[in-house]
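Everything on this sheet refers to the single structure shown next.
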Amino acid sequence: MAHIVITSGPTRQYLDPVRYLTNSSSGKMGACLATSALRLGHQVTVISGPVQVDYPSAATVIDVISTQEMLEATQSAFATADGLIGAAAPCDYMPIEIASQKLSKTGQGLQLSLRETPDIVATLGALKRIDQWVVGFALETEDVRFRAIVKMAKKRCDMIVSNSAEAMNSPDNAVEIIKRDGEVVEQVAGPKQLVADRILHQIQKHLLDSNP
Ligand code: C5P
């Protein structure tokens, strides 16, 4: 039995008390991955941004809002875990300043200054112990496989799941599961639960059973 941490859903970066930057990630892939991992008998901690999805009741779910909060919660759970699956779509930018009161319209438009948020998978890929593994996701619209492999190396992942842009907020996904050496170990398309089962199967085979 392994302890697997799964990041899931979007994050939010507030501009003022009521407005925020986000994306349309639903958390569905994270929920399906949690179900697949639990079915294999693993312990699961989900670090989730704001979503409507129902996570399996046997998973420990930690709710977060911002990318920084997701990083802190993931880092803390990962310390006692065997592996991380980065299925979240964290917001990549945050306003340099957050207004404490609601911004009023001035008729002049609004200039936003943004900075990049921390990359959770890359941070933990760099910090992982020899006995830990990290699986990332990649969503590209061109040179899909090549870019996924480059991303896997850059973020020091042990495996990457390259998926299509249609996956966002959809019941289905079509993915390639790629090992660190660049080998495509599986291509699978269909409902996210089926895709999640196959991802967990490949994790079990290449990262858990081979790394007791
Ligand atoms: O660089 P890109 O966003 O395409 O990488 C996708 C992978 O990186 C996913 O596994 C996603 O969960 C992870 N990621 C992250 N923190 C970010 C941005 C992406 O963990 N700030």
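Counting with the working numbering, you get residues 386 to 597 for the letters of the sequence shown.
From the three backbone atoms N, C-alpha and C, an ideal C-beta is built for every residue, glycine too.
Please read all numbers here as calculations on a predicted model, not as lab measurements.
Cβ contact annotation for Ala458 (same chain, cutoff 6 Å, sequence separation greater than five): Ile432, Ile447, Val449, in chain order.
With a threshold of 6 Å, the Cβ atom of Thr452 counts as near the ligand C5P, since some heavy atom of the ligand is closer than that.
The DSSP-derived three-state label of Thr392 is strand. Per DSSP, Val438 lies in no alpha helix (DSSP H) and is assigned neither H nor E.
Separation of Asp504 and Leu456 (C-alpha to C-alpha, rounded to the nearest whole angstrom) is 8 Å. CA-CA distance, Ser410 to Thr396, rounds to 9 Å. The closest heavy atom of the ligand C5P lies 6 Å or more from the beta carbon of Asp543. Judged by DSSP secondary structure, Thr445 falls within the beta strand (DSSP E) whose first and last residues are 445–448.
Leu497 has its alpha-carbon roughly 12 Å from the corresponding atom of Asp401. In the three-state DSSP reduction, Val569 falls in the strand class (E or B). Taken atom to atom, the span from the alpha-carbon of Val560 to that of Met553 is near 13 Å.
Cα atoms of Ala444 and Ala472: separation of roughly 15 Å, rounded to the nearest angstrom. Nearest C-alpha to Pro475 among Asp582, Ala422, Ile391: Ile391.
Between Pro480 and Tyr405, the alpha-carbon positions lie close to 9 Å from each other.
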